[in-house]
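Student: In the UniProt record's numbering, the protein residues as written are 1 to 212. Backbone N, C-alpha and C fix where the C-beta goes; we use that ideal spot for every residue, glycine too. Note that the structure is predicted; figures quoted are calculated from it, not measured.
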């Protein structure tokens, strides 16, 4: 947080883990080591900084490539602040309702609610790992803070960092992931979701995902 002493009256966001519409879907997800979650970030600020998630990185899998994660905005608008662990690239993805965003390997991420309405988003992620929050805790958040009004301010706890890049949600066509419907409807389609468990099989497509 830009202001660690800011006062709020309740939680900044709520996460509902392992959500399914049927026992059949739950069994399929468990059999494929995947999980579907819903996160709700009400409109608001902490001080003059927009409400956001805590931020985390993903560890590397057996092949040495860190696990991705896939999001879809269900309601509202989201800014996904992505940063490489080595801080050579920092990107904000501006996503509207219906958009899907895949967080590629080696990038940590924070989700920001930059508008005056509730943000509801879903995610699909592998259950083969535990998220890593330590760097975000130590450095008081991501590399940039988004302030009320939309200005991004460098987090003073970070060393020298590159300028922030802004992009729209990248195409997932190279990964053969359908993006025209609900993220939830990808449950049962392991061809589309295998990248979440085995990113090393999709190295080239993932490497170029965030190119502007």
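1. Quick one: using the 10 Å Cβ neighbour count with 16 as the cut-off for buried, is residue 106 buried or exposed?
2. In three-state terms, what does DSSP make of residue 207?
3. So, at 7 Å on beta carbons, what are the nonlocal neighbours of residue 187 in its own chain, with the 5 sequence-adjacent residues on each side left out?
4. Within the continuous beta strand (DSSP E) that includes residue 167, where are the two ends?
5. Give every residue of the same chain whose Cβ lies closer than 7 Å to the Cβ of residue 101, excluding the five residues on either side of it in the sequence, and list them in chain order.
6. Counting pairs of beta carbons, one from the segment 134-143 and one from the segment 61-77, are three or more of them closer than 8 Å?
7. What are the complete beta strand (DSSP E) segments, minimum 3 residues, inside the UniProt domain "Glucose-6-phosphate isomerase prokaryote" (15-155)?
8. Distance, Cα to Cα, residue 162 vs residue 154?
9. Could you check the C-alpha separation between residue 171 and residue 17 for me, to the nearest Å?
10. Determine the closest residue to residue 47 out of 2, 34 and 76, with distance taken between C-alpha atoms.
11. The alpha helix (DSSP H) that contains residue 2, what's its start and end?
12. Are the segment 113-120 and the segment 39-59 in contact at 8 Å, needing three or more beta carbon pairs?
13. Whole angstroms is fine: what's the gap from residue 12's alpha carbon to residue 53's?
14. When the Cα of residue 67 is compared with those of 159, 181, 51 and 130, which residue comes out closest?
15. Since residue 76 and residue 97 are thought to touch, with beta carbons under 8 Å apart, how far apart are those beta carbons, to the nearest angstrom?
16. Thinking C-alpha only, which one of 157, 193 and 210 is nearest residue 125?
17. With 16 as the cutoff for other CB atoms within 10 Å, does residue 83 come out buried or exposed?
18. Between the alpha carbons of residue 175 and residue 90, how many angstroms are there, rounded?
19. If you draw a straight line from the alpha carbon of residue 99 to that of residue 117, how long is it in whole angstroms?
20. Report buried or exposed for residue 160, applying the criterion of at least 16 other Cβ atoms within 10 angstroms of its Cβ.
Tutor: With the structure as the only source:
1. Counting from 1 along the chain shown, the entry for residue 106 is found at position 106. Residue 106 comes out buried.
2. Sequence index remark: in the chain shown, residue 207 carries index 207 (1-based). The answer is helix: DSSP assigns residue 207 an H, G or I state.
3. Position 187 of the chain shown holds residue 187. For residue 187, where only same-chain residues beyond five positions count, the Cβ hits under 7 Å are 25, 28, 29 and 36.
4. Within the chain shown, the letter at position 167 stands for residue 167. 165-167 is the extent of the beta strand (DSSP E) around residue 167.
5. The residue you call residue 101 lines up with position 101 of the chain shown. Closer than 7 Å at the Cβ level, and outside the excluded window around residue 101, lie 71, 80, 93, 95 and 169.
6. no
7. 34-41, 69-75, 77-84, 90-96, 100-103, 107-112, 119-126, 144-146 and 152-154
8. The sequence position of residue 162 within the chain shown is 162, counting from 1. The sequence position of residue 154 within the chain shown is 154, counting from 1. When rounded, the distance between both Cα atoms is 10 Å.
9. Translated into positions along the chain shown, residue 171 becomes position 171. Translated into positions along the chain shown, residue 17 becomes position 17. The straight-line gap from Cα to Cα measures roughly 26 Å.
10. Taking the first residue of the chain shown as position 1, residue 47 is located at position 47. Among 2, 34 and 76, the Cα nearest to that of residue 47 is on 2.
11. Sequence index remark: in the chain shown, residue 2 carries index 2 (1-based). Where residue 2 is concerned, there is no enclosing alpha helix (DSSP H), given that its DSSP letter is neither H nor E.
12. yes
13. Against the chain shown, residue 12 aligns to sequence position 12. Against the chain shown, residue 53 aligns to sequence position 53. Near 8 Å, if we compare the C-alpha coordinates of residue 53 and residue 12.
14. As a first step, residue 67 is located in the chain shown; it is residue number 67 there, counting from the start. Residue 67 has its Cα closest to that of 130, out of 159, 181, 51 and 130.
15. Locating residue 76 in the chain shown gives position 76, where the first residue counts as 1. Locating residue 97 in the chain shown gives position 97, where the first residue counts as 1. Indeed, because the Cβ distance is near 7 Å, the residues count as touching under 8 Å.
16. Position 125 of the chain shown, counted from the first residue, corresponds to residue 125. Looking at the Cα atoms, 193 is the closest of the given residues.
17. Counting from 1 along the chain shown, the entry for residue 83 is found at position 83. Per the 10 Å Cβ criterion, buried.
18. Along the chain shown, one-based indexing puts residue 175 at 175. Along the chain shown, one-based indexing puts residue 90 at 90. Roughly 22 Å separates the two Cα atoms.
19. Counting from one through the chain shown, the residue named residue 99 turns up at place 99. Counting from one through the chain shown, the residue named residue 117 turns up at place 117. Computed Cα separation, rounded: 17 Å.
20. Indexing the chain shown from 1 puts residue 160 at position 160. It is exposed - the Cβ of residue 160 has fewer than 16 other Cβ atoms within 10 Å.
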